[in-house]
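Take 18 as the starting number for the sequence shown in my numbering and just add one per residue. Glycine residues also receive a C-beta, built at the ideal position from the N, C-alpha and C atoms. One structure below.
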Amino acid sequence: QRRCFKLKVNFIIFTDFNDIYKRWQNSMFHDFQTNFERLLRAIYAPHNIYCIHVDQKSAVSVVSAIKAITSCFPNIFLAKWTENVTYASWSRVQADLNCMADLYNSSIKWKYFINLCGQDFPLKTNLEIVRMLRSFKGENSLESEKMSEGKKERVNNVFKIVDGHPKVLVSFFYFYSRIQTLIEWAKDTYSPDEFLWATIQRIPGIPGSRWRHVKHDTTDLNSHARLVKWQLHKGPQAGDQPWLLEHHHLFANKFDTDFDAIAVYCLEKYLRQKALSDLQSITLFPLKMW
Numbered sequence: 018q019r020r021c022f023k024l025k026v027n028f029i030i031f032t033d034f035n036d037i038y039k040r041w042q043n044s045m046f047h048d049f050q051t052n053f054e055r056l057l058r059a060i061y062a063p064h065n066i067y068c069i070h071v072d073q074k075s076a077v078s079v080v081s082a083i084k085a086i087t088s089c090f091p092n093i094f095l096a097k098w099t100e101n102v103t104y105a106s107w108s109r110v111q112a113d114l115n116c117m118a119d120l121y122n123s124s125i126k127w128k129y130f131i132n133l134c135g136q137d138f139p140l141k142t143n144l145e146i147v148r149m150l151r152s153f154k155g156e157n158s159l160e161s162e163k164m165s166e167g168k169k170e171r172v173n174n175v176f177k178i179v180d181g182h183p184k185v186l187v188s189f190f191y192f193y194s195r196i197q198t199l200i201e202w203a204k205d206t207y208s209p210d211e212f213l214w215a216t217i218q219r220i221p222g223i224p225g226s227r228w229r230h231v232k233h234d235t236t237d238l239n240s241h242a243r244l245v246k247w248q249l250h251k252g253p254q255a256g257d258q259p260w261l262l263e264h265h266h267l268f269a270n271k272f273d274t275d276f277d278a279i280a281v282y283c284l285e286k287y288l289r290q291k292a293l294s295d296l297q298s299i300t301l302f303p304l305k306m307w
């Protein structure tokens, strides 16, 4: 009890606006538990639900630490089935599907699925995330890019393969035959997580889907979910924070606390102060007035 109390002291607990928009967050962790605790502290809200997938390769000490943290919260749990995750393989997607299955079988009602990994970190407060989710009006959020000419010959003309990441209605993964066919085909491909969700997002009739549009083929900076624009270096660093915060994205990717711990530390401080300000604004101006 004392351990849990000391842990929760650093969490900002909101209730009002999260009761309006419950979110299911799936996080996959194959790095150290410190990243997990910092990310959880930044995104936690009592009316959200959190499914945590821990790589089977993780050290016993890491698994024990994460279990100890999750045991302090009734709305956080570990995935029932875990995977030995290999980079760019199907196991990466299967880990997500395992948490999605837990969600589908849950009795708790939810509205949006947000998929995160241990190297993600929010750029917005919980209140800002809720407001953006409401603005989607039930639609998914992702960008996609047309497949390069060099890859087209590898694919049979069953689906139009595009590149990107969405938030989709989970039940369709299990009851829609076309998606099941695509999943079976994708199991033998390189880095299927980079195209599977985006391709499903473009299948007509999928809840929240959008038809492919030329603007989505321009740049992934049009997306809302995650800012990923790194190449040939270690990801976002402390000096990138002004650039990160001027974008509209909910999260950024590829934070490496071993390489630059200051980047996450600065974001933590920024978001905490902004969250406290959000709390004051909720008290003065309830969400229903916005």
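Would you identify the three-state DSSP class for residue i, choosing helix, strand or coil?
{"i": "I220", "result": "coil"}
{"i": "F94", "result": "strand"}
{"i": "E162", "result": "strand"}
{"i": "L120", "result": "helix"}
{"i": "L244", "result": "strand"}
{"i": "Y282", "result": "helix"}
{"i": "P209", "result": "helix"}
{"i": "P259", "result": "helix"}
{"i": "Y129", "result": "strand"}
{"i": "N115", "result": "helix"}
{"i": "T103", "result": "coil"}
{"i": "Q254", "result": "coil"}
{"i": "F28", "result": "coil"}
{"i": "V77", "result": "helix"}
{"i": "K84", "result": "helix"}
{"i": "D295", "result": "helix"}
{"i": "S188", "result": "coil"}
{"i": "S226", "result": "coil"}
{"i": "G155", "result": "coil"}
{"i": "A62", "result": "coil"}
{"i": "Y287", "result": "helix"}
{"i": "C8", "result": "Missing from the structure shown is residue 8; the chain here goes from 18 to 307 and no further."}
{"i": "K204", "result": "coil"}
Which one or two residues does DSSP pair with residue i in a beta bridge?
{"i": "M45", "result": "H70 and C134"}
{"i": "F272", "result": "DSSP lists no partner for F272."}
{"i": "P139", "result": "F268"}
Quick one: is residue i buried, meaning 16 or more other Cβ sit within 10 Å of its Cβ, or exposed?
{"i": "K305", "result": "Summary for K305: the model assigns pLDDT 46, below 50, so the residue's position carries little reliability; its value from the coordinates is reported in the next sentence. Exposed, because fewer than 16 other Cβ atoms sit within 10 Å of the Cβ of K305."}
{"i": "K74", "result": "exposed"}
{"i": "P183", "result": "In this prediction, P183 scores a pLDDT of 42, lower than 50, which makes its location untrustworthy; no coordinate-derived value is stated."}
{"i": "P253", "result": "buried"}
{"i": "K141", "result": "buried"}
{"i": "L267", "result": "buried"}
{"i": "P91", "result": "exposed"}
{"i": "H70", "result": "buried"}
{"i": "E201", "result": "exposed"}
{"i": "T99", "result": "buried"}
{"i": "G155", "result": "exposed"}
{"i": "G135", "result": "buried"}
{"i": "V185", "result": "Per-residue confidence for V185 stands at a pLDDT of 45, beneath the threshold of 50, marking its modelled position as unreliable; the derived number appears in the next sentence. Buried, since its Cβ has 16 or more Cβ neighbours within 10 Å."}
{"i": "I125", "result": "exposed"}
{"i": "D295", "result": "buried"}
{"i": "D210", "result": "buried"}
{"i": "Q50", "result": "buried"}
Distance check for residue j and residue i, CA to CA, integer angstroms please.
{"i": "I196", "j": "F189", "result": "7 Å"}
{"i": "S161", "j": "Y193", "result": "22 Å"}
{"i": "I37", "j": "N65", "result": "Since pLDDT at I37 reaches only 45, below the 50 mark, its modelled position is unreliable, and the value read off the structure follows with that caveat. When rounded, the distance between both Cα atoms is 10 Å."}
{"i": "Q297", "j": "A203", "result": "47 Å"}
{"i": "N35", "j": "Y61", "result": "Note that N35 scores 49 on pLDDT, short of 50, meaning its location in the model is unreliable; the coordinates nonetheless yield the value given after this. Computed Cα separation, rounded: 10 Å."}
{"i": "L57", "j": "T87", "result": "10 Å"}
{"i": "H264", "j": "I93", "result": "29 Å"}
{"i": "C21", "j": "K84", "result": "12 Å"}
{"i": "A292", "j": "C283", "result": "14 Å"}
{"i": "R151", "j": "A96", "result": "27 Å"}
{"i": "I217", "j": "A278", "result": "36 Å"}
{"i": "M164", "j": "K25", "result": "46 Å"}
{"i": "C68", "j": "A280", "result": "26 Å"}
{"i": "L114", "j": "M45", "result": "11 Å"}
{"i": "F153", "j": "F276", "result": "35 Å"}
{"i": "L199", "j": "K168", "result": "17 Å"}
{"i": "A112", "j": "A269", "result": "20 Å"}
{"i": "E54", "j": "F212", "result": "29 Å"}
{"i": "D273", "j": "S226", "result": "33 Å"}
{"i": "F138", "j": "Y207", "result": "25 Å"}
{"i": "A215", "j": "N143", "result": "25 Å"}
Mind the definition here: the region 104 to 119 touches the region 216 to 223 only if three or more C-beta pairs lie below 8 Å; say whether that holds.
-> no
Okay, do the region 250 to 263 and the region 87 to 105 touch, 3+ Cβ pairs below 8 Å being the bar?
-> no
Tell me, please, whether the region 127 to 136 touches the region 76 to 87 by the rule of three or more beta-carbon pairs shorter than 8 Å.
-> no
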